[in-house]
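Each remark here refers to the structure printed beneath this line.
Residue numbers (our numbering): 286 to 1190.
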């Protein structure tokens, strides 16, 4: 016989049985908290009711016919479904079970609350999505309330919420909590972290007189108290108007009365502090900030329910404790807003933390706290930098070229006591380490300054030869078996720790940062002087024009080779016909089955041989590459085939950019000659332009080298994953990317995959799926919970203005196209591309774009550099651009001033 009811103290209750709210109540009750007694009507009861009344098929069919984004249609379908529930009949055995549970309450008044299987979970809260019925008295009223609770699984807001969060409508069920009523003198909500600021060291209490329904339903202005957790001090107190109160009715239901109690404090100070203490104990139980509904009666505090505060961004586990620390989001640098796979996080920690080897410091990537994880994303601990007397100034300047939103947030924290610069500028030991790095770096810089083109070619050749040798080493000797092959991959994975300290930093980064920055600085300084002396503000923009059409840019070279691929396809009748007929996904399938016409198959294969290891979010080793799914490449080739204007061809655009740069350089030379010491300045500008253009194009080379090396590792791990799938050890080949490095080493040591790892993979895939739905990601995060989401701040008095960091000059008008994922996205010529951020997988879209607007980024991040290459006006760091701008609106974008003006729509 199915269990239709369970008591609060039932052991081992599951989410599938009683839903999220009930699981939390059971946990609170069993931990000894004062929770009003009661019982659960399990999901089995819901399922039997739905089945006996044949509702499930009708519900899904009805929902399948509507637009879930249309509020009117949602309301209509919800009304119909709830009517079907009201008309249904309770099976006798189910009604008897509910009556039996109620009998144990001796006919007392109860509250009837919903508990959905996708509700009040650690990563998702359905607060307010289903109905609650208070002061229910009598068996008949209880049975009606239970059915009404079940039907509230299908309110318009619940259906819409599930649709928006990717929760299947046919995979949810509803349990019901039947709980003894607390006739409260005061009630409300306790947030164990400040929901406005995110601070974990503050608790916020909203309180009103009577039942909490007045507050939860938004009918009353409550009292508002803020408690400092560490000191147990009430730091803020606001007495709300409390003009009405809801109480239990004499027989059943509730009564509302006007009270005008704004002068009364709903909860005494002693109770406020006791409640905050209670909240801390609940946090200790769940290890996650909680939103708790409570009641105060007869000088006792009762907990009615507890749910996670899912809107708060999580804090890295190893960073939770004082003192204050600041973390910068890795996504703001790389333009990757999506979560990173577990192995991807580990590999980046391994590579980035071992950059310290370049300075003679050996770091254990598992023990270090310089790069941490939270919300399945990476965070760079910048505390020691901004607390260093010199580092504070250097970082404040450098971050402006990466993300102005972060720069502004750090400026706001200038007076924060825990982040003040302190200590000596440098100690002897650090000085020695620094000199060991700086002296060889200076030697390389001198070579670059003397022969920039030769050194740029040498660096590129060194990267390419290293990749080729690594590929050769991994392929020989011939494989002798599954485990030998896997051992080789794990060894290579661990060798990735040397990519940054011995190649990327001393070769690429030194050339790009130290070589490029001073030359660009000279150009900026002299252009600003000339603009002021000659009263010509446009001269200040010339350094950005000089940055167009740069040689040695691997991303531009990739686009040009893809353009050659498209030209080869266009020149072959059979190939052109197929590309004009099939969609990108179909072309991808044909290519992978080697069924494209010969010319097309060879052309795409040649491109993939050079760039097949690239892909969206490629810095994450766990993400798909183009050679695994070439749909995006096929889409771009098709867009290139549609180019009719020869002036829009990538090779023409690049050549025009290079010519525009020459003209800009000459114009700057002519301008500085008209200023004081003009001849000397002109020589300096010529010298700087030559070296800047030779070196600046290398910006993408270090990352491309790292991507190629990771591509080799990924290919090997996928092959081993296929071996393990064939042996029945894994379900999917890419499951390996949901494990961590030490777990992969454990597999190699034990020559098997523990069953617990399969559970870990499932849990981590689910965690990633949840994080994929997170809409807002902070740029800067403090370990006390404060999170900074904003891009560049609008001017005071014009807070609604759309402004950002101007990174590519020019003004353009066009229609907005908001794109969150470049795969499958179509951008029509001249449209304004509005996106969260970009990495090289986005680059082909730039050819069609009339302008670029990004939420993250700065002067030197990927999208900005490519926009300047293509001469596209661009503004980055625009706060919530993808939600404030809508596809189809007509806007004017100024890449010179950073202003965006909506003209129509």
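Glycine included, C-beta positions come from ideal geometry on N, C-alpha and C. Every value quoted in this text rests on a predicted model; they were computed, and no experiment measured them.
Close Cβ partners of residue i (< 8 Å) along its chain, the five nearest in sequence each way excluded
i            : result
residue 931  : 937
residue 1171 : 1101, 1103, 1190
residue 895  : 843, 846
residue 1077 : 689, 690, 693, 1088, 1089, 1090, 1162, 1163, 1164, 1183
residue 528  : 505, 506, 543, 544, 545, 546, 547
residue 643  : 722, 785, 786, 787, 790, 791
Where residue i falls: helix, strand or coil (DSSP)
i            : result
residue 585  : strand
residue 290  : strand
residue 1172 : coil
residue 493  : strand
residue 1184 : strand
residue 468  : coil
residue 420  : strand
residue 1136 : strand
residue 1159 : strand
residue 227  : The chain is shown only over 286 to 1190; residue 227 falls outside these bounds and no answer can be derived.
residue 409  : Only weak support exists for where residue 409 lies, its pLDDT of 46 falling under 50; the value from the coordinates is given anyway. Looking at residue 409 - three-state DSSP - the assignment turns out to be strand.
residue 947  : helix
residue 1189 : strand
residue 929  : coil
residue 891  : helix
residue 656  : strand
residue 1057 : helix
residue 716  : helix
residue 810  : helix
Residues near residue i in its chain [Cβ-Cβ closer than 7 Å; skip 5 each side]
i            : result
residue 578  : 474, 497, 589, 590
residue 407  : Here residue 407 scores only 49 on pLDDT, less than 50, and its place in the model should not be relied on; the value that follows carries that caveat. Hits under 7 Å: 573, 593.
residue 605  : 1068
residue 1030 : 775
First through last residue of the alpha helix (DSSP H) which encompasses residue i
i            : result
residue 1147 : 1147-1155
residue 524  : Premise fails: residue 524 is in no alpha helix (DSSP H) and is neither H nor E.
residue 675  : 674-683
residue 506  : It is not in any alpha helix (DSSP H) - residue 506 carries neither H nor E in the DSSP assignment.
residue 924  : 916-926
residue 830  : 827-831
residue 823  : Where residue 823 is concerned, there is no enclosing alpha helix (DSSP H), given that its DSSP letter is neither H nor E.
residue 695  : 689-697
residue 298  : Note, residue 298: premise wrong, no alpha helix (DSSP H); not H, not E.
With 16 other Cβ atoms within 10 Å as the buried cut-off, status of residue i
i            : result
residue 848  : buried
residue 460  : buried
residue 989  : buried
residue 1117 : buried
residue 717  : exposed
residue 490  : buried
residue 639  : buried
residue 554  : exposed
residue 303  : buried
residue 919  : buried
Nonlocal neighbours in the same chain, by C-beta distance under 6 Å from residue i, ignoring five residues either side
i            : result
residue 532  : 495, 540
residue 1109 : none
residue 409  : Annotation note: pLDDT 46 at residue 409 (below 50); position unreliable, no value reported.
residue 1144 : 686, 1092
Boundaries of the beta strand (DSSP E) in which residue i is found, first to last residue
i            : result
residue 666  : 662-666
residue 543  : 539-543
residue 772  : Counting along the chain, residue 772 falls outside any beta strand (DSSP E), though it belongs to the alpha helix (DSSP H) covering 767-780.
residue 402  : No beta strand (DSSP E) contains residue 402, which DSSP labels as neither H nor E.
residue 443  : No beta strand (DSSP E) contains residue 443, which is instead part of the alpha helix (DSSP H) from 441-449.
residue 642  : Where residue 642 is concerned, there is no enclosing beta strand (DSSP E), given that its DSSP letter is neither H nor E.
residue 1065 : 1065-1067
Any C-beta of chain D under 8 Å from that of residue i
i           : result
residue 749 : Considering every chain present, this structure includes no chain D. It has just one protein chain.
Continuous beta strand (DSSP E) assignments of at least 3 residues falling wholly in the segment 998-1051:
none
Where in the segment 724-760 do unbroken runs of the alpha helix (DSSP H), each at least 4 residues long, occur, reported from the N-terminal end onward?
737-760
Return the chain-ordered ranges of every alpha helix (DSSP H) run that is complete within the segment 308-390 and spans a minimum of 4 residues.
328-337, 341-349, 356-372, 377-388
Secondary structure, alpha helix (DSSP H): runs of 4+ residues fully inside the segment 570-640
615-619, 627-638
In chain order, what are the residue ranges of uninterrupted alpha helix (DSSP H) at least 4 long that sit wholly in the segment 843-888?
858-866, 869-877
3 or more residues per run - each beta strand (DSSP E) lying fully within the segment 1076-1114
1090-1093, 1096-1103
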